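For reference, the structure is listed below as structure tokens.
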Amino acid sequence: MSAANVSSHFLTIAEVAAAMRVSKMTVYRLVKSHAIAAVRVGRSFRVPEEAVNDYIRRATEPATNDHTDGKATD
Numbered sequence: 179m180s181a182a183n184v185s186s187h188f189l190t191i192a193e194v195a196a197a198m199r200v201s202k203m204t205v206y207r208l209v210k211s212h213a214i215a216a217v218r219v220g221r222s223f224r225v226p227e228e229a230v231n232d233y234i235r236r237a238t239e240p241a242t243n244d245h246t247d248g249k250a251t252d
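When you line the sequence shown up against the numbering used here, it's residues 179 to 252, in that order.
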């Protein structure tokens, strides 16, 4: 195992939920569906901080250049 993998900062499910402002159940579902990588430690999960950042990057929708306000133009 490389030192880079060991030096990762790991978060608990509760910490991930608080950071993302979602429920712990939502985080468990994301882990179960493999949307967020996690490591099982005994009966608990630990989530690498980078896995959370990767998920947020993938889930973020790009901004659009559509500046319409719903009004018809002539």
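Think of the CB as a built atom: it goes at the ideal place given N, C-alpha and C, for glycine as much as any other residue. Computed from a prediction, not measured in an experiment: that's the story for all the values here.
Measuring CB to CB, does residue i end up less than 8 Å from residue j?
i, j, result
"residue 197", "residue 219", "no"
"residue 192", "residue 201", "no"
Here's a check: name, in chain order, each residue in its chain whose Cβ is nearer than 8 Å to the Cβ of residue i, leaving out the five neighbours to either side.
i, result
"residue 188", "217, 224, 225, 226, 227"
"residue 212", "none"
"residue 222", "190, 191"
The beta strand (DSSP E) that contains residue i, what's its start and end?
i, result
"residue 142", "Outside the displayed span of the chain (179 to 252) sits residue 142, for which this structure offers no information."
"residue 200", "Run containing residue 200: none; DSSP gives neither H nor E here."
CB-CB under 6 Å to residue i, same chain, minus the five flanking residues each way: which ones, in chain order?
i, result
"residue 208", "214"
Which residue comes first and which comes last in the alpha helix (DSSP H) that contains residue i?
i, result
"residue 229", "227-237"
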